[in-house]
Amino acid sequence: MKNRTVHVIDPLFALGRAADFVSTHGPNITKLQNALAKCWLPDWDGWKQNFVLPIDAPDASKQSGLICLMAVRDFDGTEIRQSYNDSTDKLAGFRVNMLYELMSIEQNGAKLPEAFIHSVDD
357 MKNRTVHVID PLFALGRAAD FVSTHGPNIT KLQNALAKCW LPDWDGWKQN
407 FVLPIDAPDA SKQSGLICLM AVRDFDGTEI RQSYNDSTDK LAGFRVNMLY
457 ELMSIEQNGA KLPEAFIHSV DD
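The working numbering numbers the first residue of the sequence shown as 357 and each following residue consecutively.
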């Protein structure tokens, strides 16, 4: 809020097609701002939109949701702190961690897989 900037992180963002991404994400930004305004009273006038430079990840289209979550986690407010060029191992580890976190939510009634229980106890 301090910088009055909405950061947009999209693994498929390409500099050559920036106008397409602005028109695609613009309505979503407005929807999010309107929803936030129901519980928070910001003045949205003058807020900027920052489309974060393309995420350097191979095959981003196949894993865009997961890569986006990783990028949001690694975004420091200015840039994404790491490259995802060697993303295969990073994605595999992140996927397992995300699954564990989701399965561990307090109200989740599903049984935690044995593999998670063993790895935590080891």
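We put the beta carbon where it would ideally sit given N, CA and C, even for glycine.
Could you give the C-beta distance for Val-408 and Val-364, rounded to a whole number, given that I count them as a contact under 8 Å?
-> Here residue 408 refers to the residue found at position 52 of the sequence shown. Here residue 364 refers to the residue found at position 8 of the sequence shown. Confirmed, about 7 Å.
Take Asp-366 as the anchor and find which of Asp-399, Leu-388 and Ile-436 has the nearest alpha-carbon.
-> Within the sequence shown, residue 366 is the residue found at index 10, counting from 1. For the residues Asp-399, Leu-388 and Ile-436, the minimum Cα distance to Asp-366 belongs to Ile-436.
With DSSP collapsed to three states, give me the class of Phe-450.
-> The count along the sequence shown starts at 1 and reaches residue 450 at position 94. Here Phe-450 sits in helix by DSSP.
Ordered along the chain, which non-local residues of its own chain (more than five positions away) have a Cβ less than 6 Å from that of Arg-429?
-> Against the sequence shown, residue 429 aligns to sequence position 73. Listed in chain order, the non-local C-beta contacts of Arg-429 below 6 Å within the same chain number zero, local neighbours out to five positions each way being set aside.
Which two residues bound the contiguous alpha helix (DSSP H) that contains Asn-384?
-> Taking the sequence shown and counting its residues from 1, the one referred to as residue 384 is at position 28. Start and end: 374-393.
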